[in-house]
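What follows is a single structure, written as structure tokens, with notes after it.
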Amino acid sequence: MTPRFPLLRLLGLTAALCACVQALALEPRIYRDHHMSKDSLKLQTSDGEVTLTPVGPSALAIHYRREGLKQLPSFALASNPAGQPRATLEQQGNKLVYSTGSLSAVIHKSPFRIEYLRGKAPILSEESGFFATETMRGFRFALSPEEKLLGGGERVMGMDRRGQRLPLYNRAHYGYTTESNQMYFSLPAVMSSNKYILLFDNSATGTLDLGASEDDVLQFEAVAGRTAYIVVAGETYPQLLENYVSTTGKQPLPPRWALGNFASRFGYHNEAEVRATVDKFAEEDFPLDALVLDLYWFGPDIKGHMGNLAWDKEAFPEPEKMMDDLKARGINTILVTEPFVLSTSERWQEAVANNALAKNLAGEPKRFDFYFGNTGLIDVFSKDGRDWFWNIYDGLLEQGVAGWWGDLGEPEVHPSDTVHAIGMADEIHNAFGHSWAQLLHARQTAKHPERRPFIMMRAGFAGSQRYGMIPWTGDVAREWGGLQPQVELALSMGLLGFGYTHSDLGGFAGGEEFNRELYIRWLQYGVFQPVYRPHAQEHIASEPVFHDRRTRDILREYVKLRYRLLPYNYTLAFENSQTGIPLMRPLFFENESDLSLLDYKDAYLWGQDFLVAPVVEENVDEVAVKLHGGTWFDYWTDKQYSGDQALVEVDLKSIPVLVRAGAIIPTIDDIHSSRDYSSKNLTLDYYAHSSTAKSERYVYEDDGVTAQAFEKGQYEKLYFSAEIKQRGLAFAFKREGNGYTSMPESRKVTLKIHNWQQVPAQLDISGESLPIFDSEKDFTQAPRGAWYNKRKQQLLVKFDWHKKPLDLMLKNP
């Protein structure tokens, strides 16, 4: 009996300790003392320490620490947040005000509580703030009555997620359609209609309760992890997003080819299929920039080979020559890789010997079964695991691989008793893909600093965009219900830094028969989303070149349009790299006073000047598109719309694409791949309208491949402005930048002035008169001049533009 007494005594002490911890979690927190340094403010409270640190423009990181509560490093914060401001501290009676100027934290001493002000306006307040019990830790914030909350990562539940309880655990949702509250890429962050972003810097399994359990409380819960959050404020939504990515890291500019057309399926079985596919694209006159190899590149079957991560030489006998030949045709090779090493794979023993795998509780490599076989998981949090994994990537890069597709990186199966270098599976699950992307980006950039990495993954964490992560929305059902949520998913992710979120065009999962209308509609929408990558299970071809003639003929023009729009699209990518503004933008960015627009997901802005409404139902001949003000032109017909709504007629060849009045849209001639890109022949479509008397636009240009070309000064910006005057129309053209390799010495510019009702009396360019032709034939044959297309009400002007500024003046009769 004696041995039981110490155990009973221990159990009694444990119970007392648990009760103490529970009580501590519920007792009001009291301020004790504070210390101000140049970098932060440290507060001592009745149950621990709280640190407030300025981490960017209008951004504060708040870290609660309690003795005995394990902490993990920040995954969300960039290592060197941009524009870190100095803060001031002021004592005001029973409170402290810690201010960066534009964002202030008001610390109430008793009971302890922090509220946040943008300027003098309250935007957010802790309710009871930080809490921790034996099994849960998190935060509670007060919500205002009319506040809307967006974000939370990939979910299909409407844009405003208030009233929802969101699981925070990255998990595959195979074949999803119009409803999903848990998917591949969860984010512990929300953007509020009060113009703040609240991010919980915690990678553990948890829940984000957005007023579901209590109407006026936002509650974050996690089973473990870092007890910290970040508050970001902004005067406007775009400024708020810019402040956020200045804190969590900006997405680097991808290579220009990432904006081209991809050949992709599950999957190409051998080199002969690869070569036949790219030949078919050329034969059918479809531009092509990349080819994606799914898991057959390392094994002949779906199961049993994952982890080989080496070419199956029977199927791909000469991979280096194959990739060289593709590269000579302007086509980049992307390989799928996964973080799982099957015990049946050729590298299992090598992975074990190199200590590359996560462990079980006995300290041995953790093994478990999933769809692909019995497996271990590479520990991307350990040095040994990272070194071993990178050596494989390094060898493939040397062979000529151009980009990476990281699949199953949630991880898709991740037992809770898996031990990683920095913690258990449930502590770091949501940061696995993030750390995998960091590994690839950091190592590749260190070895090849001149190259821009391409890293496509379906799971990550807040801040993963700084590692160049390009997410896609997972294994969507190949049906109308799969197409319908894609705008919502892309917009929601773009609000929190992931501006390249895109879908498997055409749908991935299922589908017994080819649905031509659905397929065409999805690929038409794809022209105006960040990455153009049809991808699907192979029983129905994902590539347009393998479908019927009508499908090919319709989609060929859309793919070519994607390439003609490269100057516009690449400028969107540049803007994203500088400010975080997504390529697909919600309409509420334009009219911030209309809160109803926060819920709108049927249409979106593609950059500044296009308004796009995908057709997401069958047999549609008219689409209602909400307008947010101003005048808009139908991109296909030049028909004008204004007011609150446009009813746009469509057929199978068209979807609603509207252009803003005053827009100047740059395009180039048709090309076969982005390798042939040149703006030597540049067309500018200007949409003239009296409601927009002045317009200014620009195009960003560099060589499309050099990393940090803008920061190195290896770029050119082309500026265009237009002004409607009483006596005519004036244009100005100028440039800036040191230039880049392959930059045209001069450009042949064709200016198309839409919505113009008369032939000008005179046309001068920098003081020199240009001829005005009566016939299209004469205009076409002449090197410069103008011609008025009366039927289309368009004035066409062409001229040479060298590096000097130009002024073009069109004088009315």
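For the sequence shown, our numbering gives the first residue as -6, with consecutive numbering after it. Even glycine gets a Cβ: it sits at the ideal position worked out from N, Cα and C.
Task: Ordered list of alpha helix (DSSP H) runs contained in the stretch 423 to 475, each at least 4 residues - done: 425 to 440
Task: Environment of PRO798 [buried if 16+ CB atoms lie within 10 Å] - done: In the sequence shown, counting from the first residue as 1, residue 798 sits at position 805. With fewer than 16 Cβ atoms within 10 Å of its Cβ, PRO798 is classed as exposed.
Task: Rounded C-alpha distance that separates HIS298 from ASP400 - done: The count along the sequence shown starts at 1 and reaches residue 298 at position 305. The count along the sequence shown starts at 1 and reaches residue 400 at position 407. Rounded to whole angstroms, HIS298 to ASP400 spans 15 Å at the Cα level.
Task: LYS553 (DSSP reduced to helix, strand or coil) - done: Stepping through the sequence shown from its first residue, residue 553 is reached at position 560. In this structure, LYS553 counts as helix in the three-state DSSP scheme.
Open item on the list: The alpha helix (DSSP H) that contains ALA265, what's its start and end?
Closed with: As a first step, residue 265 must be located in the sequence shown, where it is residue number 272. Counting along the chain, the alpha helix (DSSP H) containing ALA265 begins and ends at 264 to 276.
- [ ] Locate the beta strand (DSSP E) running through LYS785, then write down its first and last residues.
- [x] Looking up residue 785 in the sequence shown gives position 792. Here LYS785 belongs to no beta strand (DSSP E), and DSSP marks it neither H nor E.
- [ ] Assign PRO181 to buried or exposed, taking buried as 16 or more other Cβ atoms, counted over all protein chains shown, within 10 Å of its Cβ.
- [x] The residue given as residue 181 occupies position 188 in the sequence shown. PRO181 comes out buried.
Open item on the list: Could you compute how far the alpha carbon of LEU801 sits from the alpha carbon of ASP627?
Closed with: Along the sequence shown, one-based indexing puts residue 801 at 808. Along the sequence shown, one-based indexing puts residue 627 at 634. Answer to the nearest angstrom: the Cα atoms are 26 Å apart.
Task: Proximity of LYS273 and VAL538 at Cβ, strictly below 8 Å - done: Here residue 273 is taken as the residue at index 280 of the sequence shown, counted from 1. Here residue 538 is taken as the residue at index 545 of the sequence shown, counted from 1. For LYS273 and VAL538, yes; Cβs fall inside 8 Å.
Task: Pair within 8 Å by beta-carbon distance, LEU433 and TRP381 - done: The residue given as residue 433 occupies position 440 in the sequence shown. The residue given as residue 381 occupies position 388 in the sequence shown. Cβ distance not < 8 Å, so LEU433 and TRP381 don't count as in contact.
- [ ] Report back the beta-carbon spacing between ASN612 and ALA681 to the nearest angstrom; my notes put them in contact at under 8 Å.
- [x] Counting from 1 along the sequence shown, the entry for residue 612 is found at position 619. Counting from 1 along the sequence shown, the entry for residue 681 is found at position 688. The pair is not a contact, with the Cβ atoms about 36 Å apart (cut-off 8 Å).
- [ ] Just confirm the distance between the C-beta atoms of PHE105 and THR38, as a whole number of angstroms; I'd bet it's less than 8 Å.
- [x] As a first step, residue 105 must be located in the sequence shown, where it is residue number 112. As a first step, residue 38 must be located in the sequence shown, where it is residue number 45. Sure, about 5 Å apart at Cβ, within 8 Å.
Open item on the list: Restricting to Cα atoms, I'd like to know which of ASP592, VAL99 and VAL524 is closest to TYR24.
Closed with: Counting from one through the sequence shown, the residue named residue 24 turns up at place 31. Cα-wise, what sits closest to TYR24 is VAL99.
Task: VAL643 - DSSP class collapsed to helix/strand/coil - done: Taking the sequence shown and counting its residues from 1, the one referred to as residue 643 is at position 650. In this structure, VAL643 counts as coil in the three-state DSSP scheme.
- [ ] From the DSSP output, read off the bridge partner residues of ALA303.
- [x] Numbered from 1 along the sequence shown, position 310 holds the residue referred to as residue 303. None, per the DSSP bridge assignment.
Open item on the list: Using only CA atoms, which one of ARG514, ASN353 and LYS88 lies nearest to PRO649?
Closed with: Working through the sequence shown from its first residue, we reach residue 649 at position 656. Closest by alpha carbon: ARG514.
Task: For ASN674, the nearest candidate out of ARG740, TYR493, LEU70 and GLU506 (CA to CA) - done: Start at 1 with the first residue of the sequence shown, and residue 674 comes out as number 681. Cα-wise, what sits closest to ASN674 is ARG740.
Task: Alpha-carbon spacing of ARG111 relative to LEU554, whole angstroms - done: Mapped onto the sequence shown, residue 111 falls at position 118. Mapped onto the sequence shown, residue 554 falls at position 561. Whole-angstrom Cα-Cα distance: 43 Å.
Task: Which of helix, strand or coil DSSP assigns to ASN814 - done: Summary: the structure shown does not reach residue 814, with the chain confined to residues -6 through 806, and so no result is reported for it.
Open item on the list: Whether or not the stretch 221 to 237 and the stretch 147 to 157 are in contact is what I'm after, with contact meaning three or more pairs of Cβ atoms, one per stretch, closer than 8 Å; do they touch?
Closed with: no
Task: Assigned secondary structure, ARG25 (DSSP; H/G/I helix, E/B strand, else coil) - done: By 1-based counting over the sequence shown, the position of residue 25 is 32. Strand.
- [ ] Compute the beta-carbon to beta-carbon distance between PHE477 and VAL609, rounded to the nearest angstrom, for a pair I have assumed lies under 8 Å.
- [x] For the purposes of this step, residue 477 is identified with residue 484 of the sequence shown, where counting begins at 1. For the purposes of this step, residue 609 is identified with residue 616 of the sequence shown, where counting begins at 1. For clarity, residue 477 is Gln in the given sequence; the question names Phe instead. About 5 Å; that satisfies the 8 Å criterion.
Task: Contacting residues, own chain, Cβ-Cβ under 8 Å from ASP669 (five flanking each side not counted) - done: Residue 669 sits at position 676 when you count from the first residue of the sequence shown. Taken in chain order, the residues that qualify are GLY323.
TODO: Tell me whether THR773 is buried or exposed, calling it buried when 16 or more other Cβ atoms sit within 10 Å of its Cβ.
DONE: The sequence position of residue 773 within the sequence shown is 780, counting from 1. Flag for THR773 reads exposed.
Task: Span of the beta strand (DSSP E) around TRP398 - done: Sequence index remark: in the sequence shown, residue 398 carries index 405 (1-based). 396 to 399 is the span of the beta strand (DSSP E), which, as asked, contains TRP398.
- [ ] Determine the DSSP secondary structure at TRP749, reduced to helix, strand or coil.
- [x] Taking the first residue of the sequence shown as position 1, residue 749 is located at position 756. The answer is coil: DSSP assigns TRP749 none of H, G, I, E or B.
Task: Residue from GLU357, ILE371 and ALA439 with nearest C-alpha to ASP387 - done: Within the sequence shown, the letter at position 394 stands for residue 387. Out of GLU357, ILE371 and ALA439, ALA439 has the C-alpha closest to the C-alpha of ASP387.
Open item on the list: If I follow the unbroken alpha helix (DSSP H) through THR773, where does it start and stop?
Closed with: Residue 773 sits at position 780 when you count from the first residue of the sequence shown. That run of the alpha helix (DSSP H) goes 769 to 774.
- [ ] State the beta-bridge partners of GLU214 as determined by DSSP.
- [x] For the purposes of this step, residue 214 is taken as residue 221 along the sequence shown, with counting starting at 1. In DSSP, GLU214 forms a bridge with GLY131 and THR200.
Task: Beta-carbon spacing of ILE811, TYR561 below 8 Å - done: There is no way to answer for residue 811, as the model of the chain reaches only from -6 to 806.
Open item on the list: Once the 5 residues before and after SER173 are set aside, which same chain residues still bring their CB inside 7 Å of it?
Closed with: Stepping through the sequence shown from its first residue, residue 173 is reached at position 180. Same-chain partners within the cutoff: ARG148, VAL149 and HIS166.
- [ ] Determine the closest residue to TYR460 out of ASP546, ASN782, ASP26 and SER72, with distance taken between C-alpha atoms.
- [x] Along the sequence shown, read from residue 1 onward, the residue named residue 460 stands at position 467. Checked all of ASP546, ASN782, ASP26 and SER72; the closest Cα to TYR460 is SER72.
TODO: Identify the continuous alpha helix (DSSP H) that holds ARG514 and give its terminal residues.
DONE: Position 521 of the sequence shown holds residue 514. First-last of the alpha helix (DSSP H) with ARG514: 509 to 519.
Open item on the list: According to DSSP, is ARG106 part of a helix, a strand, or is it coil?
Closed with: Taking the first residue of the sequence shown as 1, we reach residue 106 at position 113. Of the three classes helix, strand and coil, the one that applies to ARG106 here is strand, per DSSP.
Task: Alpha-carbon spacing of GLU276 relative to LEU677, whole angstroms - done: Locating residue 276 in the sequence shown gives position 283, counting from the first residue. Locating residue 677 in the sequence shown gives position 684, counting from the first residue. Their Cα atoms are separated by approximately 30 Å.
Open item on the list: I believe TYR693 touches TYR708 by the beta-carbon criterion, under 8 Å. Please report the beta-carbon distance rounded to the nearest angstrom.
Closed with: In the sequence shown, counting from the first residue as 1, residue 693 sits at position 700. In the sequence shown, counting from the first residue as 1, residue 708 sits at position 715. Yes, TYR693 and TYR708 are in contact; Cβ-Cβ is about 7 Å, under 8 Å.
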